[in-house]
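Residue numbers (our numbering), protein chains in the order written: chain A, 4 to 526; chain B, 4 to 526.
All C-beta atoms, glycine included, are put in the ideal place defined by N, C-alpha and C.
2 protein chains.
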Amino acid sequence: MNGAEALLKTLVDAGLEICFANPGTSEMHLVTAIGKTDRMRPILCLFEGVVTGAADGYARMTGTPAVTLLHLGPGLANGMANLHNAKKARVPLVNIVGDHAPYHLPYNAPLTSDVSAHAVINSSWVETSTSADDLARLGAVAVQQARSGIGKISTLIAPANHAWEPAKNSYPALPIEPPPEVTSETVETVSTLLKNEKKTAIVLGGYALRQQDLLLASRISARTGAPLFAETFPTRHQRGAGRVNITRVPYFAELAIPVLSEFEQFILVGTATPVAFFAYPDTPSLLVSSKAVVTTLASPEEKTLTALTDLADRLGAAPGLETIQERVVPEVPSGELTAAAIGDTLAALLPEHAILSDEGITCSAEIFSRTAGAAKHDTLTITGGAIGQGLPVSFGAAIACPDRKVVALQADGSALYTMQSLWSMARENTDVVIVLLNNNSYAVLNIELARLKAGVPNDKTLSMLDIGHPSLDWQHIARGMKVSTSRATTAEEFHQQFAAAMNTHGPHLIEAIVKQDIANLFN
Amino acid sequence: MNGAEALLKTLVDAGLEICFANPGTSEMHLVTAIGKTDRMRPILCLFEGVVTGAADGYARMTGTPAVTLLHLGPGLANGMANLHNAKKARVPLVNIVGDHAPYHLPYNAPLTSDVSAHAVINSSWVETSTSADDLARLGAVAVQQARSGIGKISTLIAPANHAWEPAKNSYPALPIEPPPEVTSETVETVSTLLKNEKKTAIVLGGYALRQQDLLLASRISARTGAPLFAETFPTRHQRGAGRVNITRVPYFAELAIPVLSEFEQFILVGTATPVAFFAYPDTPSLLVSSKAVVTTLASPEEKTLTALTDLADRLGAAPGLETIQERVVPEVPSGELTAAAIGDTLAALLPEHAILSDEGITCSAEIFSRTAGAAKHDTLTITGGAIGQGLPVSFGAAIACPDRKVVALQADGSALYTMQSLWSMARENTDVVIVLLNNNSYAVLNIELARLKAGVPNDKTLSMLDIGHPSLDWQHIARGMKVSTSRATTAEEFHQQFAAAMNTHGPHLIEAIVKQDIANLFN
């Protein structure tokens with residue numbers, strides 16, 4: 004048994020089953036060890052941002068870490084943007100990053116870098132093994148750390164020789180610490196606040212946007228009159244008919260501030276105080292009034308379900324008080340292909356338990372509001388704001404849930420960062436339908452430019468936000484990666500193509516040529 | 004004048020003219036400032052790895068830093084693999100990375116990260132501005148630092164509000180320190196060593212692979228009998244007819260060690276002691292004998308040209324002693340499309356002053372040896388070993404030298420990491436011909452697997468190195484990004500298509516379906 008084999012046995016004994024991989028020379032013994040076990044499924048990706056984003060999507064749907072296999076500092080660097088999103092999503096994830104043998108490091112070979120300096124940026128736990136045995140031992144710690152609490156990123160740096168040198172044995176799984184429970188004092192405090200007759204809103208995020216939590220929150224809302232809001236970019240939001248429909252805090256501070264300004268008091272459950280995504284001249288960072296009193300029932304790291312159960316009990320918010328969303332089947336849309344039309348088609352046709360990966364950017368808000376009455380589904384969003392997350396996350400979610408339909412709502416500009424995802428979808432024949440929202444533009448940047456009051460832009464400035472010259476041909480790009488495609492320019496065409504895709508297994512890309520009135524997004 | 008405008012004026016006053024950009028919201032005032040000046044050309048790229056790789060290629064050809072414009076920590080992270088290559092290439096480069104306004108940072112908005120922790124990994128100089136005025140002041144320091152010595156990476160972190168707040172003025176360019184000169188004592192020591200009759204090799208790298216240096220080195224070699232070797236992955240190697248042809252240290256340690264083992268003494272000029280790219284079981288890291296005496300004439304940071312001039316004078320290595328490479332025009336190749344055939348076609352058809360960006364991986368060595376007698380050209384290689392470098396570098400080189408033909412020798416697996424480069428080539432109509440070496444495989448990893456003696460691989464192991472299922476269709480991928488394509492399956496087809504491309508301006512991709520006997524690469 005070598006160190007790689009001992010590590011692999013340790014990881015699979017701890018329950019890890021999937022490895023998203025983009026290996027190189029220094030990981031070849033790890034690759035060989037994966038090849039020898041039938042308990043770990045390796046999934047090759049052509050770019051590391053796909054690897055880490057897929058592991059994020061997998062963890063969102065299973066609660067279990069996937070392993071990533073990455074090649075030295077630069078390989079880890081390529082995966083860092085989506086590790087940033089995974090960190091903000093608070094998912095469990097175990098990175099295995101190869102490095103040179105320690106005796107090779109002083110020679111400063113071309114690929115030498117400070118791997119640990121890369122890893123600490125997004126990982127809660129980083130260690131480098133000191134021997135083959137230590138590599139296996141640290142594997143158990145990496146899984147323990149990733150699974151402790153709500154979910155964290157562990158990075159284990161594996162010098163090549165520790166993978167090939169002999170190891171004594173693998174290591175058993177270590178005990179896992181569950182997320183901390185909220186104290187009864189905190190619940191009592193919040194219960195009292197909710198009876199003080201101040202104008203109050205309850206903001207939910209993280210695990211509080213799962214079905215059971217939302218049912219409790221809805222009862223609490225009915226009992227106290229405090230409306231519910233969802234955080235803008237949740238990790239996983241369970242929605243649709245038979246569940247609880249809640250409004251999202253708008254992305255645009257100009258829209259969010261008037262909505263939230265009327266409240267004197269906020270209760271946070273599984274989230275932090277709503278803040279603007281960016282700073283803007285003359286716009287506050289905080290979306291709530293500076294005079295508002297903000298109280299946390301459960302932080303994003305704490306157990307929301309027991310806190311909400313306890314709170315509902317104390318408030319007498321009994322079962323039956325919930326407002327349950329009814330199934331709403333919109334008419335088949337017609338005419339121009341707008342975000343509204345796409346939303347209506349999704350609301351009509353999403354199958355039950357679909358997974359919606361939303362990197363729709365400027366189209367997202369409209370589609371979100373139109374799909375409240377769709378069949379039960381899970382929405383996954385771009386938690387950390389690092390674009391290029393939607394395709395990999397949808398791929399990982401499809402690996403996690405092979406029996407569920409996955410729909411990736413994907414803006415064109417963002418899709419380009421990790422378009423290599425399409426090949427992995429084709430290779431694994433994952434059931435992902437990509438709705439490629441083609442507006443030939445970094446539309447959101449045109450909006451942000453206006454919001455930043457940088458003056459009237461000239462043509463040269465606008466050219467820096469213009470991805471339409473030349474326009475990308477998504478039919479060719481997707482086919483180049485062996486994903487079938489279609490193209491919709493009207494609402495009817497989109498509806499028909501989406502209906503067909505819902506009835507076919509395997510990856511398919513619908514290029515939706517979207518009509519978008521950017522000015523209108525401010526209204 | 005706001006901070007962004009003051010910074011831009013500072014940068015252009017310091018001689019910077021090109022900005023490779025992938026901006027976001029926090030960079031909108033910088034984008035607007037670039038729009039307002041006619042002295043900075045902005046070049047939009049669809050992925051940050053293209054931005055940083057292009058800046059590297061630009062610097063290799065001009066010696067001048069380009070500006071990159073990147074969006075926060077995740078945007079910088081996406082550009083880090085090619086910054087690693089640029090760092091190892093020792094090129095000057097100025098990154099401008101936006102960040103949140105300092106007053107916005109405590110709110111931990113989704114895109115909040117430690118930008119500086121990202122930047123220090125590959126930058127010699129990193130600063131964050133403290134005000135709008137400071138932003139402009141630091142712009143002058145960033146350029147000074149980037150241009151001091153042989154070339155360094157500077158990263159200036161620009162909080163969004165320092166770009167939009169008023170600034171008093173721009174700042175004049177600061178004095179630049181040239182690379183240090185080698186002392187006459189060192190030259191005398193080396194001169195003495197070269198006369199001690201020990202078996203000696205001279206290894207050249209960095210600026211010592213430019214034409215003038217090579218002519219001097221050739222005279223010294225002729226005078227002393229010490230053969231010349233080039234480092235394996237040089238930043239820029241001037242080659243071809245009328246220049247000096249020298250052998251490269253082979254990539255494979257198994258090949259390099261026997262070649263170098265016969266020497267008792269090494270003289271290094273602009274490079275470090277040759278070492279193996281990776282560590283392997285039972286293979287030493289050092290490629291030279293452990294008993295060999297290694298002496299540095301000039302380190303990679305020192306001025307090689309004056310050191311070689313001085314050394315040639317001391318040794319009486321007079322003009323006329325050089326061995327000048329003759330023009331060799333191979334016959335038009337026929338039959339199977341092999342690396343040898345591609346090399347022969349390039350040797351026959353490369354126009355004078357072509358730039359060859361070489362990320363050909365398993366095809367590179369053969370093509371290198373076949374192009375010694377091509378017309379004068381510059382070869383740029385993958386200095387840091389982080390793949391995904393060849394296409395961006397070729398793009399940046401083409402921006403730097405619009406009157407020169409650029410050829411990107413590009414392995415298929417590596418091309419996928421930064422394939423967004425193709426769109427920028429189409430947009431800017433750069434004169435780049437991509438020879439896409441399609442072997443449908445991570446061929447080098449199959450070789451590395453064998454070299455690592457990890458045992459006979461099973462099908463599951465090999466699947467992790469297999470990018471041929473499904474096979475990527477480069478005709479579609481390139482056309483999707485608006486680059487014209489052709490496909491060659493025989494030596495004759497390749498020759499004809501390459502000839503046509505040499506006579507046409509603008510980007511074109513030739514997909515070369517390469518026959519490769521991997522086992523043979525060891526012979």
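| field | Nearest-angstrom Cα separation, counted from residue 360 of chain B out to residue 379 of chain B | value | 14 Å
| task | Use the C-beta contact count for residue 265 of chain B: other C-beta atoms within 10 angstroms, 16 or more gives buried, fewer gives exposed. | result | exposed
| Residues that residue 451 of chain B contacts on chain A, provided the C-beta gap is smaller than 7 Å | 28 and 31
| query | How far does the alpha helix (DSSP H) with residue 196 of chain A in it reach, from first residue to last? | reply | 187-196
| What does DSSP give as the partner residues of residue 205 of chain A in its beta bridges? | A:231 and A:270
| How long is the line joining the alpha carbons of residue 221 of chain A and residue 89 of chain A, rounded to whole angstroms? | 28 Å
| request: Could you name the residues of the same chain whose beta carbon sits closer than 8 Å to that of residue 559 of chain A, not counting the 5 residues immediately before and after it, in chain order? | output: Within the shown structure, residues of chain A are numbered from 4 to 526, placing residue 559 of chain A beyond reach of any answer.
| said: So if I threshold CB-CB distances at 9 Å, which residues from the stretch 465-495 of chain A count as touching chain C? | reply: Going by chain labels, chain C is absent from the structure shown, which instead holds the protein chains A and B.
| task | Grab me the residues of residue 460 of chain B's own chain with a C-beta within less than 7 Å of its C-beta, minus the 5 sequence neighbours each way, in chain order. | result | 452
| Contact belief for residue 415 of chain A with residue 442 of chain A at Cβ below 8 Å, rounded distance in angstroms | 7 Å
| Which chain A residues are close to residue 236 of chain B, counting only those with a beta carbon under 8 Å from its beta carbon? | 113
| If you drop the 5 nearest sequence neighbours on each side, which residues of the same chain put their C-beta closer than 6 Å to that of residue 487 of chain A? | 511
| Ranges of the beta strand (DSSP E) found wholly within the stretch 72-144 of chain A, counting only runs of at least 3 | 96-102 and 128-131
| So is residue 35 of chain A in contact with chain B if we call contact Cβ pairs under 7 Å? | yes
| message | I want to see whether chain A comes within less than 7 Å of residue 209 of chain B, judged by CB atoms only; does it? | response | no
| said: Can you check which of these residues, B:421, B:508, B:327 and B:73, is closest to residue 2 of chain B by C-alpha distance? | reply: Residue 2 of chain B is absent from the model: chain B starts at 4 and stops at 526.
| query | Is the Cβ-Cβ distance between residue 320 of chain A and residue 179 of chain A less than 7 Å? | reply | no
| Residue range of the unbroken alpha helix (DSSP H) whose run includes residue 415 of chain B | 415-418
| said: Let me check understanding here. Comparing Cα to Cα, which of A:255, A:316, A:493 and A:225 lies closest to residue 234 of chain A? | reply: A:255
| Under 9 Å from the C-beta of residue 281 of chain A: neighbouring residues of chain B | 27, 28, 29, 103, 104, 107, 112, 114 and 163
| task | Tell me whether residue 509 of chain A sits in a helix, a strand or coil according to DSSP, three-state version. | result | coil
| Exposed unless 16 or more other CB atoms sit within 10 angstroms - verdict on residue 330 of chain A | exposed
| Residue interval of the beta strand (DSSP E) (run including residue 424 of chain B) | Looking at the DSSP string, residue 424 of chain B is not in any beta strand (DSSP E); the run it does join, the alpha helix (DSSP H), is 424-431.
| Given a threshold of 16 other Cβ atoms within 10 Å of its Cβ, counted over all protein chains shown, does residue 525 of chain A qualify as buried or as exposed? | Reliability fails at residue 525 of chain A, whose pLDDT of 40 lies under 50, so the model's placement of it is uncertain and the value that follows must be treated cautiously. So residue 525 of chain A counts as exposed.
| message | Can you give me the C-alpha to C-alpha distance between residue 155 of chain A and residue 388 of chain A, rounded to a whole angstrom? | response | 18 Å
| request: Using a Cβ-Cβ cut-off of less than 9 Å, give me the residues of the stretch 386-405 of chain A that come near chain B, in sequence order. | output: 386, 387, 388, 389, 390 and 391
| What residues from chain B crowd round residue 23 of chain A, counting only those whose CB sits closer than 8 Å? | Near residue 23 of chain A there are no residues of chain B at all, since even the closest Cβ is about 11 Å away, more than 8 Å.
| said: Excluding the 5 residues flanking residue 190 of chain A on each side, which residues of the same chain have their C-beta closer than 8 Å to its C-beta? | reply: 300, 310, 313, 314 and 317
| For residue 294 of chain B, which residues in chain A fall below 9 Å Cβ to Cβ? | In chain order: nothing, as chain A lies at least about 17 Å away.
| task | Would you decide whether residue 506 of chain B is buried or exposed? Buried here means 16 or more other CB atoms lie within 10 Å of its CB. | result | exposed
| query | What's the C-alpha gap between residue 164 of chain B and residue 248 of chain A? | reply | 37 Å
| message | Quick check on residue 455 of chain A: does DSSP put it in helix, strand or coil? | response | coil
| Which value, in whole angstroms, describes the spacing of the CA atoms of residue 274 of chain B and residue 74 of chain B? | 34 Å
| query | For residue 245 of chain A, which residues from the same chain have a beta carbon less than 8 Å from its beta carbon, with the 5 sequence-adjacent residues on both sides left out? | reply | 327, 328, 330 and 379
| request: Within the same chain, show all residues whose beta-carbon is closer than 7 Å to that of residue 260 of chain B, passing over the 5 residues directly before and after it, in chain order. | output: 290
| Alpha carbon to alpha carbon, how far is residue 226 of chain A from residue 101 of chain B? | 46 Å
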